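If you read the sequence shown in our numbering, its first letter stands for residue -2, the second for the next number, and so on.
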Amino acid sequence: MFHYAFLQITIICDFAIVALFTFREARMDFNFKKIATEASGFFSRAKQYTEETFLKAERTDLDPHFENLLQRADKTEEHTRRLLSCIEGYLQPNPTMRMEDVFYEKLELKKDNTSRLNNLEHMAQAMSEAGEEFGSTTAYGSTLLKIAQSEQKLGQAEREFVAASASQTLLPIRRFLEGDMRTIQKERKVLNTKRLDLDACKSRLRKAKTVESQASTNSKTAGNLTLEQAEADLRIAQTEFDKQVEITKLLLEGIQTAHNNQLKCLRDFVDLQMSYFAQAHQTLADLQRELSGTLTFRGSSAVLVSSYADGIPAQICSSSATTTTTTKSVIDDVRSSGASDDCTKQARVILDYDAVLPQEMSVKQNDVLVVYRLPGLDPDYIMAEKGGIRGRIRTSDYIVHYDKKTSVVAVSTDIHEGRPGNIYCPSIHFII
């Protein structure tokens, strides 16, 4: 079997050699001059490059503006490739899958990505199977099924986010690297070749002038012919070099357009990220509300701020030590005294409050807000909503005060230390 295979390979090689020699004989007359010219130019450029490297021969310098364009192109290519690699790693952390995608892309093969589950979908599948195993009638099984549904939504949202980011961000950047940038690098190589040819012609012209000055009268005619040929070659090389400089310069100036296009791609990527995380946040908020079983405001997973039912603990306004108590501890005391958790709280703003942080909410005097607390929220803050606008209001510096005559719970920012219970500059009061 081995000898048979070896014989087949030998026959194929013989046919290839015969075809090659036949092709060369048919085209030898036509290509011989071209091959000789290319070989001569190659050795001339190699000689010039060697002299520039080791013998410090003179070389044609480019203008500073052109050099700056070349440096900007190099930096653009370097950082764009790094950016592309980082975004690819973010969208698909598994390097094996990334290489698989590249393999299919290079071979122009179609790939069915619908059968591949991401991590969230795998987790949803595992939870769903476990929930069905334990039964939806049990608390554990029903919880697993609820979480599985939400995780499935998150997995689908992630899949859509990755697909949209790949088409709107990765694809244009990759096209720039494989298209425009590759063309720029190709033209730069041609420019370097033209520069070496130009410098080689300058070197031959200098040598021809030296030979002419040292030549005798009998060889003067041959010297003139050599000098004229060197000058003609120099003019041709200079023209080709200048033409290539203009071509390369136009391509390099187009880098700014590429920057603008990539800027749009990055903005689209940020918009996709924001949409994805907002959808994920809403899905998890709905899941948390469903698991906690509490009534929420506008679909948020809010732990409701309780109303005062029959009375207020005496410690709220009993002594000056109360002035250092935070709003969270007072609300906890009120909740432990029998307050209800079945409604959100309305509050009227008595003092303007300007937001300091981006997550905070600015309010004006006499604004009526809906306030509540979120699980995991910093105890120094309370959530507030008005007219569809939601934000945090700082409460760690406020003191809760209860007025028995008006049945009003007030939040104050300034309490006179010598007169406990007296409130100055009230900020918010709750409507019972």
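Every residue gets a Cβ at the ideal spot worked out from N, C-alpha and C, and that includes glycine.
Only a predicted model underlies this, so the values are computations on that prediction, with no experimental measurement involved.
Where residue 158 falls, given that 16 or more other Cβ within 10 Å makes a residue buried: As a first step, residue 158 must be located in the sequence shown, where it is residue number 161. Answer is buried; the Cβ neighbour count reaches 16.
Rank 124, 126, 89 and 131 by C-alpha distance to the C-alpha of residue 113 and give the top, closest one. Counted from its first residue, the sequence shown places residue 113 at position 116. Minimum Cα distance to residue 113 is reached at 89.
As assigned by DSSP and simplified to three states, the class of residue 130: Walking along the sequence shown from the start, residue 130 turns up at place 133. Reduced to three states, the DSSP call for residue 130 is helix.
Segment contact flag, the region 230 to 243 with the region 190 to 200, C-beta cutoff 8 Å, min 3 pairs: yes
Assuming residue 284 contacts residue 147 under a Cβ cut-off of 8 Å, what Cβ separation, rounded to an integer in Å, is found between them? For the purposes of this step, residue 284 is taken as the residue at position 287 of the sequence shown. For the purposes of this step, residue 147 is taken as the residue at position 150 of the sequence shown. With 8 Å as the limit, residue 284 and residue 147 qualify as a contact, their Cβ atoms being about 4 Å apart.
Do you know offhand how far residue 254's Cα is from residue 274's? One-based indexing of the sequence shown puts residue 254 at position 257. One-based indexing of the sequence shown puts residue 274 at position 277. In a straight line, the C-alpha of residue 254 is about 31 Å away from that of residue 274.
Spatial neighbours of residue 80 in its chain, beta-carbon cut-off 6 Å, leaving aside the 5 residues before and after: Residue mapping note: residue 80 aligns to position 83 of the sequence shown, counting from 1. For residue 80, where only same-chain residues beyond five positions count, there are no Cβ hits under 6 Å.
Using three-state DSSP, classify residue 137 as helix, strand or coil. Counting from 1 along the sequence shown, the entry for residue 137 is found at position 140. Helix.
At what residues does the alpha helix (DSSP H) containing residue 163 begin and finish? Start at 1 with the first residue of the sequence shown, and residue 163 comes out as number 166. Note, residue 163: premise wrong, no alpha helix (DSSP H); not H, not E.
Jot down the residue ranges of each uninterrupted alpha helix (DSSP H) in the region 138 to 207, minimum 4 residues, whole runs only, in chain order. 168 to 173
Whose C-alpha, out of 384, 259 and 116, is nearest the C-alpha of residue 174? Walking along the sequence shown from the start, residue 174 turns up at place 177. Residue 174 has its Cα closest to that of 259, out of 384, 259 and 116.
Along the chain, where does the alpha helix (DSSP H) containing residue 343 start, and where does it finish? In the sequence shown, counting from the first residue as 1, residue 343 sits at position 346. Unbroken run through residue 343 is the beta strand (DSSP E), 342 to 346; no alpha helix (DSSP H).
Per-residue DSSP class, three states only, for residue 358: Counted from its first residue, the sequence shown places residue 358 at position 361. Note: residue 358 maps to coil in three-state DSSP.
Pick from 227, 262, 343 and 382 that is closest to residue 169, judged by C-alpha positions: Stepping through the sequence shown from its first residue, residue 169 is reached at position 172. Of 227, 262, 343 and 382, the residue nearest in Cα terms is 262.
Evaluate residue 73 with the Cβ neighbour count: other Cβ atoms within 10 Å of its Cβ, from every protein chain shown; 16 or more gives buried, anything less gives exposed. One-based indexing of the sequence shown puts residue 73 at position 76. That one is buried.
Reference residue 138, options 187, 196 and 123, closest by Cα: In the sequence shown, the residue the question calls residue 138 occupies position 141. Of 187, 196 and 123, the residue nearest in Cα terms is 123.
The alpha helix (DSSP H) that contains residue 350, what's its start and end? Here residue 350 refers to the residue found at position 353 when the sequence shown is read from its first residue. Taken as a continuous stretch (DSSP letters only), residue 350 belongs to no alpha helix (DSSP H), as it is neither H nor E.
For residue 348 and residue 342, what's the separation of their Cα atoms in angstroms? Position 351 of the sequence shown, counting from 1, holds the residue named residue 348. Position 345 of the sequence shown, counting from 1, holds the residue named residue 342. For residue 348 and residue 342, the distance between alpha carbons rounds to 18 Å.
Helix, strand or coil for residue 373, going by three-state DSSP, please let me know. As a working mapping, residue 373 is identified with position 376 in the sequence shown. The answer is coil: DSSP assigns residue 373 none of H, G, I, E or B.
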